[in-house]
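Below is one structure; the comments refer to it alone.
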Amino acid sequence: MFAFITKLFELIRTYIAYFLQSSQTRQIEYNRTAESTAPVLFIVFQDGAPCKLDVIIVGCGLAGLCAAYPLGKAGHRVTMLEVAPALGEIGAGIQLGPNVARTLIRWGLKDKLDELAVKPRAISFRRFDTGERIGLDIFGDKVEKDYGAPYYNIHRADIHRLLTELALPWMNLRLNTRVVSVSTDAPRPHVVLESGEIVHADVIIGADGVRSTVRNSLVDGPDNPTPTGDAAWRATLSTEKFMDDPDLRELVENPEANIWMGPRMHIVGYCLRDLKEYNLVMLHPDDESVESWTSAGDVEKMLRTYEGWDPRLRKIQAMIKSIMLSRLVVRLPLKTWVHSSGHVALIGDACHPMLPYRAQGAAMAIEDAIVMGNLFSRITDKSQIPALLQAYETLRYDRATGTQLTALSLQKVFHHPDGPEQQERDAAMRQAMELTLKEARGEHVPADAYGKNPNAWVDKAKKTAQMGYDADEAVEEWWAEHGASIVGAKEITIQT
């Protein structure tokens, strides 16, 4: 009898906690700035999830950290397993649009982002040989006004450090820890470490990138990435010498993201770290001369490859002392990101690796993590885990897969050789640029005037869909319609 009363009391407490979370402790505020009419939504789960879980996250990259923070803050016991022996500076520049900046700001990172990142005033698409601008989209204050949050260019190491500082108090971080296999047995799956140790959890999240070990538990047979035929040289260099050259000084004083498009190649350049560094990503045909995915590059070979390109660009390349070379690979979209057991799921590059042509790889990974964390802050019973993971996939699959395929399509768009297709692309981009400049001058431009554009960056409808997305709001809307069915699906067994 005592056991029955105890179980009944626990059941009542759980449901009271859930409804208090829904109606009182989850604060929703709409804050409109003087410049913006877009609502900025702040969601705070004060008391955490009524049901606390053991969660393993494999991989301490951006996706893993962005999942660890809301999950840990909701009260779940998060264990982060990372193969690296230390968390150090990695990568180069990345771009974070308002679709993820809005949530990072809600998490209290605005001041640090403003300090470390650069808000580009525009993105310019240029002809490879002359540097002539053939396409333009205005960013800066306009992006913040239109979409309620800034567009940031930031060094990957800087955002990784900020997110590590944010998430570390909410997780148990285990470095130098390699996962060699995953058991998906419900309701307590486990990972096997290289040391032989077995670690159990209620949920396992694979955030371990394009070479994911966790992914292998979801697929049957070989699942090797496919080379795209492209590789990338990456370099960051000080802008100090830029200020001595009038041609280069403008890149610092009027910070834009620039994309030079040429036959089978393109180059992306933009400022980082309070305009003190310039990030250059140079896409070119992969000659498969190296077997490793990332290695030191050959500066002389890079200089020869871009002979005849924009003289301003060549000045920057001449300053480069060392470069990194990365081979770009792709995986076809998975049929599902959630194992049939309902307790193992993938986020970020582990399930939808992105080519860099849309600059949304980091953003899609962070959006995944936001949705995952938001959903699991609402759990009231462990039996809801499969339904919540399925909800995560439902909310994220079409958007992330669509972005993945758009990025793949831009490989061709950016690399047209001179000819009819290149001329058609340039004409469409110039037309869109004229409309953009009209709007900037305050002239009225009908919403349907832009039409479709082969370049998703300057396609008005695609830009709005990409940048206007709010992961927290998407969960709120979905939960309002479907949340009751998840809570109501809980199976209750009371033992007497």
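Taking UniProt numbering, the leading residue of the sequence shown gets 1, the next gets one more, and so forth.
Glycine residues also receive a C-beta, built at the ideal position from the N, C-alpha and C atoms.
* Please state whether DSSP places Y18 in a helix, a strand or coil. => For Y18, the pLDDT reaches just 35, beneath the cut-off of 50, and the residue's location in the model is therefore unreliable, although a value from the coordinates is still provided. Residue state, collapsed to three classes: helix.
* **From R174, A369 and S195, residue whose alpha carbon lies closest to that of M80** => R174
* Asked: Alpha carbon to alpha carbon, what distance is there between T228 and G442?
  -> 42 Å
* What residue from A484, G148, Y151 and Y306 has the CA that sits closest to T130's CA? -> Y306
* Asked: Near C271, which residues of its chain fall below 8 Å by C-beta distance, leaving aside the five closest residues on each side in sequence?
  -> V118, P120, N153, T239, L251, V252, P255, E277, Y278 and N279
* Use the C-beta contact count for S217: other C-beta atoms within 10 angstroms, 16 or more gives buried, fewer gives exposed. => buried
* Asked: Among the residues of its own chain, which have a CB less than 8 Å from the CB of R430, if the five just before and after it don't count?
  -> I134 and G135
* Asked: Where does the unbroken alpha helix (DSSP H) through Q404 begin, and where does it stop?
  -> I385 to F414
* Report the three-state DSSP secondary structure of Y469 (helix, strand or coil). => coil
* **Range covered by the beta strand (DSSP E) that runs through L104** => No beta strand (DSSP E) holds L104; the alpha helix (DSSP H) holding it covers P98 to R106.
* Asked: By DSSP, does N258 sit in helix, in strand, or in coil?
  -> strand
* Answer with buried or exposed for D274, where buried requires no fewer than 16 other C-beta atoms within 10 angstroms of its C-beta. => exposed
* Kindly indicate which residue of E424, R312, R127 and T213 has the alpha-carbon position closest to the one of R249. => R312
* Report, in whole angstroms, the separation of the C-beta atoms of G373 and G61, which I expect to be a contact under 8 Å. => Their Cβ separation, rounded to whole angstroms, is 15 Å, which puts G373 and G61 out of contact at 8 Å.
* Asked: In whole angstroms, what separates the C-alpha of A84 from that of P420?
  -> 48 Å
* To do: Could you tell me whether the Cβ atoms of residue 507 and A387 are closer together than 8 Å?
  => A question about residue 507 goes unanswered here, because the residues of the chain that appear run from 1 up to 496.
* **Helix, strand or coil at T33 according to DSSP, with G and I counted as helix** => In this prediction, T33 scores a pLDDT of 30, lower than 50, which makes its location untrustworthy; the coordinate-derived value is nonetheless stated afterwards. If DSSP states are grouped into helix, strand and coil, T33 belongs with coil.
* What are the start and end residues of each continuous beta strand (DSSP E) run of 3 or more residues lying completely inside the segment 170 to 254, in chain order? -> 172 to 174, 179 to 183, 190 to 193, 198 to 200, 203 to 206 and 226 to 238
* Asked: Between L71 and E165, what straight-line distance do the alpha-carbon atoms span, to the nearest angstrom?
  -> 15 Å
* To do: Compute the Euclidean distance between the alpha carbons of K438 and A432, then round it to the nearest angstrom.
  => 10 Å
* Asked: Thinking C-beta only, is V182 closer than 8 Å to T213?
  -> yes
* Have a look at P150 and A400 and give me their C-alpha separation to the nearest angstrom. => 21 Å
* What is the C-beta distance between D286 and A231, in whole angstroms, given that I count them as a contact (C-beta under 8 Å)? -> 4 Å
* Assuming L405 contacts V330 (C-beta within less than 8 Å), just tell me the rounded distance between them. => No, L405 and V330 are not in contact; Cβ-Cβ is about 10 Å, not under 8 Å.
* Simplified DSSP state of G135, which is helix, strand or coil -> strand
* Please check the pair A362 and I94, which I expect to be a contact at CB under 8 Å, by giving their CB distance rounded to whole angstroms. => 5 Å
* **Test item: CB-CB of G483 and R378 under 8 Å** => yes
* Anyone know if the C-beta pair for A49 and G88 falls short of 8 Å? -> no
* **Delimiting residues of the beta strand (DSSP E) encompassing I347** => Taken as a continuous stretch (DSSP letters only), I347 belongs to no beta strand (DSSP E), as it is neither H nor E.
* Leaving out five residues on either side along the sequence, give the residues of the same chain with a beta carbon under 8 Å from the beta carbon of Q422. => H416
* Going along the chain, which residues of its own chain have a beta-carbon closer than 7 Å to the beta-carbon of G64, five neighbours each way excluded? -> I57, M80 and A207
* To do: Put H76 into one of helix, strand or coil per three-state DSSP.
  => coil
* Asked: Who are the Cβ neighbours of A186 in its own chain at under 7 Å, not counting the five residues just before and after it?
  -> S341, G342 and H343
* Mind checking whether K413 and P356 have CB atoms under 8 Å apart? -> Note that residue 413 is Val in the sequence shown here, rather than Lys. Result no, Cβ atoms of V413 and P356 do not sit closer than 8 Å.
* **Chain-order list of residues whose beta-carbon lies under 6 Å from that of S124 (same chain, five-residue window excluded)** => R133, L136, E256 and N258
* Thinking just about the alpha-carbon of each residue, which of D418, Q466 and A480 is nearest to the one in L96? -> Q466
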